[in-house]
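Working notes for the structure below.
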Ligand SMILES: Cc1cc2nc3c(=O)[nH]c(=O)nc-3n(C[C@H](O)[C@H](O)[C@H](O)COP(=O)(O)O)c2cc1C
Ligand code: SF4
Ligand code: SF4
Ligand code: SF4
Ligand code: FES
Ligand code: FES
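Chains as they are written, first to last, in the numbering used here: chain E, 1 to 597; chain A, 1001 to 1121.
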């Protein structure tokens, strides 16, 4: 055994890798070797800590010191001060958005303090490329228990009783799904992991695969035992190269230790896993399209029933579960269903990972018990809205979801509450919007995405989303008519009812929910030809307030079209005919004399 | 993987390598590494601590350093903190003393009283 007095964890997730954590790591290794510290301090690469926008992240144990935005040129100071003299480098510590003080230990940071990590428990804690580190944290003991002590039906019962529901969007009870597949007759069955992660705002699946790939492998083997399958596939998008690489390493290591392969634990159970790469079409995350894509055909949905549990991959009984769903399985087996069911709300058990983005101080990946209020997530964990702006809405469920207005900030987030208010859990994207966001524009943005991603197989989705997008675009351009609102609603209903797959069935949600809570914004666009948030270009006019203008001329010098004229020390004016609404004048004026309305 | 025992053996070994990262309320050995500490041989003491823990296979012990505790004439200074108990401070520690401190204090839970720094002195 090698004892190191200190472990330095350097994040090697996608976020931190792109902010150059690898350069930091290399510099650190070099300096530790130069100072002869490499025998006492160990550098460990980990997965994502969830705080990617402050990356590269570095955590020093045993103290648990949390450093953010570490650059290669900071390494020298960390080595000299912290590693040699034991004095943490203050300026690299995290500080809460609203406070002056810096926080030393990682557990005391607000962002982490309110979290409860189950699916992400190992992310940012172990080296995902060393299977022994996973085993050290009880990895593969759930598989061992299942094979030694439980019948397949007992496994299914535990998962059912735990209340685990699918984290990929639908929220279907996982144990029930497994039971269907286990009851289906078939010489060959399959376990598929959905790692397509198509929601543009979400990256929890990527983080689990990068930070804790063995958890997914172990869970898939458990699922295989439960339903009687001995082959698994992980369908992961090719845009996730680090995740793919870690998965490959993990599969290789698990095979070497005989945790995948033949006769696992000498119990006569065989299970192996292969990776299939997806090209990253949103619709390929839909389960039937995904299976078709694995079979080597164009990823288009097909009607259900038959459900995959009856006739899935190559017509064989198949279960398909999301990455995060799988990541919850080993801890449930290890700690018991009672433990899992003790977290969350009546019908949504356990925790959920959210990707916090948009107008919020702490963007990143968080995991909280189901039933946590939106207020806690946004204000305690997320650190509130930047620049003292007002919260307007939170969008959950990505392109299939909807908006939650400020009146509902105290809602306890779980599957059923979100559905009741016209949104969706989805995969856990959570985008925060403030007073500067135009809700019509947001709805248009999501519809543009789904319209673009529609596979075109069925007309309600293909043509319907196109028509809806045209109407929305018209409204944002100030050409909307009163009938547009009713037309949008009629179209939305038809598309929801008549589309073949979930993409079409949920595509109108962002429009419907903004119409429900922010109808006045639509009306302002249509009747007053105004965009209250000042986003929709066509509806804005730039104006100089004569009483505030000091006549400095700065705006005029910056206007690309010479639309501003005036005499020095007298109020300037904008010629609306020439103005192209670039916003340069507003940005430049030091006296807040330029406004847009 | 043939058996559960095999998995347990891997776990036991691996647990020790990552125990530094687990906040298990482990005893902590702190070596003062201020300027005068270092010039009085604190580095050598720190190395000796790590070596001793290594040879004894004691994984569940945290080793950290600290700055100047303000007792320069007692350097090198090593403090042992067992959670829930008062910290013990050793003065004028040498690499040779380290062995005995670890065996008596950490393994047998008997502080080596004659080397402790007496703060009333
Ligand atoms: C358009 C569309 C895209 C989807 N994308 C994903 C995805 O990226 N990842 C995912 O796990 N599930 C996705 N789903 C849900 C899957 O169809 C399926 O319900 C899920 O993988 C089942 O796993 P779970 O029960 O563990 O959530 C998508 C569904 C639709 C309709
Ligand atoms: S609903 Fe849309 S994405 Fe789904 S099958 Fe129809 S056209 Fe394709
Ligand atoms: S920059 Fe502002 S203050 Fe100066 S001329 Fe333009 S509007 Fe007036
Ligand atoms: S918005 Fe741009 S184009 Fe219009 S007046 Fe200002 S600087 Fe000129
Ligand atoms: S990738 Fe480093 S914190 Fe997310
Ligand atoms: S520098 Fe060591 S006690 Fe002052």
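Think of the CB as a built atom: it goes at the ideal place given N, C-alpha and C, for glycine as much as any other residue.
Rounded separation between residue i and residue j - CA only
i	j	result
residue 451/E	residue 519/E	22 Å
residue 440/E	residue 145/E	53 Å
residue 331/E	residue 237/E	26 Å
residue 164/E	residue 271/E	23 Å
residue 58/E	residue 67/E	5 Å
residue 1084/A	residue 1110/A	15 Å
residue 494/E	residue 124/E	45 Å
residue 537/E	residue 581/E	7 Å
residue 556/E	residue 533/E	25 Å
residue 1037/A	residue 1068/A	7 Å
residue 1035/A	residue 1098/A	20 Å
residue 427/E	residue 353/E	8 Å
residue 366/E	residue 6/E	27 Å
residue 1043/A	residue 209/E	40 Å
residue 466/E	residue 97/E	42 Å
residue 103/E	residue 154/E	46 Å
residue 526/E	residue 473/E	12 Å
residue 1052/A	residue 168/E	50 Å
residue 241/E	residue 134/E	21 Å
residue 64/E	residue 1021/A	8 Å
residue 182/E	residue 227/E	4 Å
7 Å CB neighbourhood of residue i in its chain, flanking five on each side removed
i	result
residue 1014/A	none
residue 1/E	Low confidence applies here, because residue 1/E scores a pLDDT of 48, under 50, leaving its location unreliable and the question unanswered by this model.
residue 138/E	334
residue 513/E	402, 403, 422 and 423
residue 1121/A	Here residue 1121/A scores only 46 on pLDDT, less than 50, and its place in the model should not be relied on; the value that follows carries that caveat. Once the five neighbours on either side are set aside, residue 1121/A has no close Cβ partner at all.
residue 446/E	399 and 510
residue 1007/A	1001
residue 1058/A	1106
Per-residue contacts from residue i into chain A (C-beta, under 7 Å)
i	result
residue 569/E	Ordered by position in chain A, no residue passes the 7 Å Cβ test against residue 569/E, which lies about 59 Å from the chain.
residue 510/E	Near residue 510/E there are no residues of chain A at all, since even the closest Cβ is about 42 Å away, more than 7 Å.
residue 256/E	Simply none; closest approach about 10 Å.
residue 87/E	1067
Close Cβ partners of residue i (< 6 Å) along its chain, the five nearest in sequence each way excluded
i	result
residue 597/E	none
residue 203/E	355
residue 180/E	309
residue 1048/A	1095 and 1098
residue 1056/A	none
residue 1114/A	none
residue 362/E	111, 382 and 383
residue 409/E	374 and 375
Paired residues, beta bridge with residue i - DSSP
i	result
residue 231/E	190/E and 272/E
residue 340/E	For residue 340/E, which the question treats as bridged, DSSP gives no partner whatsoever.
residue 528/E	Its beta-bridge partners do not exist; DSSP assigns none.
residue 595/E	543/E
residue 1065/A	1031/A
residue 6/E	41/E
residue 59/E	9/E and 66/E
residue 105/E	65/E
residue 173/E	165/E
residue 358/E	432/E
residue 285/E	In DSSP, residue 285/E forms no bridge with anything.
Spatial neighbours of residue i in its chain, beta-carbon cut-off 8 Å, leaving aside the 5 residues before and after
i	result
residue 548/E	591, 592 and 593
residue 326/E	193, 215, 216, 219, 220 and 223
residue 371/E	344, 345, 348, 412, 413 and 414
Residues that residue i contacts on chain A, provided the C-beta gap is smaller than 8 Å
i	result
residue 572/E	The contacting residues do not exist; residue 572/E stays about 59 Å from chain A at best.
residue 140/E	1001 and 1007
Beta-carbon neighbours of residue i, restricted to chain E and to distances below 8 Å
i	result
residue 941/A	The structure shown has nothing for residue 941/A, since chain A only spans 1001 to 1121.
Whole beta strand (DSSP E) elements within the segment 291-326 of chain E, 3-residue minimum: 318-322
Jot down the residue ranges of each uninterrupted beta strand (DSSP E) in the segment 554-584 of chain E, minimum 3 residues, whole runs only, in chain order. none
For a minimum of 4 consecutive residues, which ranges assigned as the alpha helix (DSSP H) are wholly contained in the segment 215-268 of chain E? 241-256
Contained alpha helix (DSSP H) runs [length at least 4] in the segment 367-443 of chain E, N- to C-terminal order: 415-420
Curious, which full-length beta strand (DSSP E) runs of at least 3 residues does the segment 1045-1091 of chain A contain? 1062-1066, 1078-1081 and 1088-1090
Report the residue ranges of all alpha helix (DSSP H) runs contained in full by the segment 472-534 of chain E; include only those spanning at least 4 residues, in chain order. 482-498, 502-506, 509-517 and 519-527
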